[in-house]
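In the numbering used here, the protein residues as written are 957 to 1304.
No residue lacks a Cβ here, since even glycine has one placed at the ideal position from N, Cα and C.
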Amino acid sequence: MESKGSTIRLGIFILIGSILFLVAVFLLGNKQSLFSSTFEVKAYFSTIEGLRKGALVRLSGIEVGNVNDLRIMKDSLATVEVTLRLVADIKPFLKEDTRASIETEGLVGNKVIVLHVGSNASKQIESGGTIQADDPLNFGALVNEAKGTLEYTKDMAKNLAEIVAKVNEGSGSIGKLVNNDDLYNNTNRLIITADRSLGSISYKLDTLANVVNTLGADVQSVVRNVDHSVKGIDDLIKNVQNGEGVLGKMLSNKSPLDSSITSVFANLIKITEETKLGTERFSENMEALKYNWLFKSYFEQRGMYDKPGYEQKLDKFLDDINTRIKILDDRIKRLNSMLNDKKLGSVN
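In structure tokens form, the structure reads like this:
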């Protein structure tokens, strides 16, 4: 009876052990993709940062295979060949521009391979092909760099403390400026003087603005006076040509010119020439203003440094005046022509 019970217990134990063995084989085979169709690709890293054989391979967060082999290349000790065994279902998603990177599960977890899907336009990778690899972060290098940064910060803090101490002691230029009352007072007086100078410059610029505005009014006055004189000369020439007015009637009778009429013409020509001369001198003064540094400084303050701003305004004044000069010159020629014609007529 006891032998029969022992046999039953042994049979149950063997059955449970067999079931556990089959479950373990199934789980291990599933993890290693032993029961599904697979293919292999390779990736080359300069360092694998603790990656181990059998590590998981993931694509978009899904486990799609494992690391099948790790091998240091004979021709380059700085290159590690990583062979990936992947399930065949993901083969259409692996392109020539697919990239593999080594990442960590959590902060201190195991290393895994993460695949980053390429573009649809790229060609599909065949079995045994190569995937582009991104080297993992070198935490040792990061620690060393952080250590160097901390050392630099420590030295900088030390230097800053020394500078503050020297300033408090009155050493160096800054220390003297902070602690020396005489230097402070001199600096304060210099600032006050500079402020007064700026105020004086501002006043002069305001005065210059009034000069410029007055200059514009003077130009318009000269233009109006010239236009008025030209109109008077044009009216006189018209009356003479039409035989109207006193001079027109006397000249139309073809009688010899007496000295009074000749004198009138001569005086009119002289007045016109003087008007032209005064206008030319005014134009010369305007031209000189274009190159005066004080006027340039004023227009620079007004944002008119370039020609369209600063010189354009003066150029317009000059154009108006030069146009009137040409008109006066034309009228002088016409008056001289009329006087010579009449003199020749009286002689004949």
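Exercise for the section: Count the C-beta pairs between the stretch 1038 to 1058 and the stretch 1014 to 1025 that are closer than 8 Å, then say yes if the count reaches three, no if not. Expected result: yes
Exercise for the section: From the DSSP output, in three-state form, read off Ala1077 for me. Expected result: coil
Problem - Arg1027: first and last residue of the uninterrupted beta strand (DSSP E) it sits in - result: 1018 to 1028
Practice task
Would you tell me roughly how many angstroms separate the C-alpha atoms of Val1013 and Leu1071, rounded to the nearest one?
Solution key: 7 Å
Practice task
Take Ser993 and list the residues in its own chain whose beta-carbon comes closer than 6 Å to its own, dropping the five residues that flank it on each side.
Solution key: Ala1044
Exercise for the section: Kindly list the residues whose CB is nearer than 8 Å to the CB of Ala1089, restricted to its own chain and excluding five residues on each side of it in sequence; keep chain order. Expected result: Ala999, Tyr1000, Phe1001, Val1038, Arg1055, Ala1056, Ser1057
Exercise for the section: Please state whether DSSP places Lys1067 in a helix, a strand or coil. Expected result: strand
Practice task
Check Asp1090 in the structure and name its three-state DSSP category.
Solution key: strand
Handout entry: Same chain, Cβ closer than 6 Å to Pro1264, five either side skipped, listed in chain order
Key = Because Pro1264 carries a pLDDT of 44, less than 50, the predicted location of this residue cannot be relied on, and the following value inherits that uncertainty. Closer than 6 Å at Cβ, skipping near neighbours: no residue.
Practice task
Quick one: residues in its chain with C-beta nearer than 6 Å to the C-beta of Leu1007, no 5 flanking neighbours on either side, listed in chain order?
Solution key: Ile1058, Lys1067
Problem - For Glu1118, the three-state DSSP class (helix, strand or coil) - result: helix
Exercise for the section: Within the same chain, show all residues whose beta-carbon is closer than 8 Å to that of Lys1051, passing over the 5 residues directly before and after it, in chain order. Expected result: Val1073, Gly1074, Ser1075, Asn1076, Ser1078, Lys1079, Gln1080, Ile1081
Exercise for the section: Check whether the Cβ atoms of Asn1024 and Glu996 lie closer than 8 Å to each other. Expected result: yes
Exercise for the section: Flag this pair as yes or no: are the beta carbons of Leu1323 and Phe1049 separated by less than 8 Å? Expected result: What the structure shows of the chain is the stretch from 957 to 1304, and residue 1323 is not part of that stretch, so it cannot be assessed.
Handout entry: Residues bridged to Arg1180 (per DSSP)
Key = Answer is none; Arg1180 lacks a bridge partner.
Problem - Run of the beta strand (DSSP E) containing Arg1014, from where it starts to where it stops - result: 1012 to 1015
Handout entry: Residues of its chain near Val1036, where Cβ-Cβ distance is below 8 Å and the 5 sequence neighbours each way are ignored
Key = Tyr1000, Phe1001, Ser1002, Thr1003, Ile1004, Leu1026, Arg1027, Ile1028, Met1029
Problem - Between the CA atoms of Ile1277 and Arg1180 - distance to the nearest angstrom - result: 10 Å
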